[in-house]
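The opening position of the sequence shown corresponds to residue 203 in our numbering, with each subsequent residue numbered one higher.
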Amino acid sequence: MAGRISLCVNSDILNEYEEILAEKTNAEIARNVVRAIMRLHTTIFQQAYFHFGLIEADPDDNKFVDCAVAVDAEYIVTNDAHFNILKQIEWPRLTIIDIKEFTRQLDNT
């Protein structure tokens, strides 16, 4: 990691975060978490103008891939097995790591 961690999002991603958080907590907490994400100086807002459609098993996951490509992200951090298909695709080259590996790398910086 280059010493800087940013969270890359767009409106579709934030809507999904809010929806999932509301299911697991409540709507108010979900709104507050999304607002906090939006206010972080390390959050990058990036609309994806091209949609690759690389994850066929769960097309809803493609919003994360498209955003990562648009910002030239170093990693996608996920434990979602649907993203493993990206390891077999030559272009766009995206590195997928799980949360354990991500925290391990954080500990080494």
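Using N, Cα and C, we set each Cβ at its ideal position, and we do this for glycine too. Keep in mind it's a predicted model, so treat the numbers as computed, not measured.
Same chain only: Cβ atoms within 7 Å of Cys210, ignoring 5 sequence neighbours per side: Taking Cys210 as the centre and dropping the five residues before and after it, the same chain places the C-beta of Ile246, Gln248, Cys269, Ala270, Val273 and Ala275 closer than 7 Å to its C-beta, in chain order.
Simplified DSSP assignment, three categories, for Trp209: The residue you asked about is not Trp; residue 209 is Leu in the sequence shown. Three-state result, Leu209: strand.
Straight-line Cα distance separating Asp260 from Leu242: Straight-line Cα distance between these residues: approximately 29 Å.
Distance CB(Phe266)-CB(Ile222) smaller than 8 Å: If you check the CB distance, Phe266 and Ile222 do not come in under 8 Å.
Rounded separation between Ala250 and Ser213 - CA only: For Ala250 and Ser213, the distance between alpha carbons rounds to 10 Å.
Thr245 in three-state terms, based on DSSP: Strand, per DSSP.
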